[in-house]
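To start, the structure itself, in structure tokens.
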Amino acid sequence: MISESISPQDDVDNHPTEDLDPSKLERTEEPLAEAIHFLKPLQSLAPQRIQTHLMAFEIYIRKGKPLLMLQALKRALDLEPNNPELHTCLIRFLQYRQEKLQGHHSVVVDVINREVNRLLPTTDPTQLNEDFLNNNQDSVPHRLQDSISTTNLTVTTVTTTTTAATATANHNHVDAPSS
């Protein structure tokens, strides 16, 4: 009896190529669900890496999950409280808190408000950003993230102001009498 040996290369060659089709892999029905599916083992295997928690924040802000956002930020703050990318996430979270948190259950709002007050020196995103820049003026990565945060804050302010002005103009608009 002749024994056939199968090499690892044979196994790779016999693997169906349709599973590895890049166009199929990039088109998923629920990309955020797939991202969470990838995130869970990463959180177990690499909890000491700040990028794990920053990625968790990015996923949860897109899903609108404020308690999970807060959890990711708290874990990141425990690892590297002065991380420049974390600063940008904190600013975005404070903006989210100001703009969208009112629609959530009152218990969620209370927990988030209590934790934010405990974790951060200020809950005003503009003030937090100014303090961050003042404390990190000599660091290029910190200044870059400060610029990104300032841009986000400015865009939000302009959008809010434009929306308010448009609403006021539409509300006060009176048709001129026809002659």
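Residue numbering for the sequence shown follows my numbering, starting at 515 and increasing by one per position. Yeah, the Cβ is synthetic: ideal placement off N, Cα and C, and Gly gets one too.
Option nearest residue i by Cα separation, candidates the options
i: T637; options: P595, F607 and R576; result: F607
i: Y610; options: K577, E594 and P545; result: K577
i: D660; options: D624, L600, H618 and L633; result: L600
i: Q616; options: P580, L647 and H551; result: P580
i: L582; options: D645, R541, V622 and S537; result: V622
i: L647; options: N596, E548 and R541; result: N596
Close Cβ partners of residue i (< 8 Å) along its chain, the five nearest in sequence each way excluded
i: L556; result: T566 and M569
i: S653; result: P598
i: D645; result: P635 and T636
Where the alpha helix (DSSP H) containing residue i begins and where it ends
i: S620; result: S620 to L633
i: A570; result: I564 to K577
i: T542; result: Segment: none, T542 is in no alpha helix (DSSP H) and carries neither H nor E.
i: E613; result: P598 to K614
i: D592; result: P580 to L593
Other residues of its chain near residue i: CB distance less than 7 Å, five sequence neighbours each side excluded
i: T640; result: L667
i: L553; result: M569, A570 and I573
i: L584; result: I626 and E629
i: N643; result: I605, D660, S663, T664 and L667
i: T602; result: Q659, I662 and S663
i: A586; result: H567, A570, F571 and Y574
i: N631; result: T637
i: L546; result: I573, R576 and K577
i: H618; result: P580
Residues near residue i by beta carbon distance below 6 Å, same chain, minus five either side
i: H656; result: P598 and N650
i: P561; result: none
Status (buried if at least 16 other CB within 10 Å, exposed otherwise) for residue i
i: A590; result: buried
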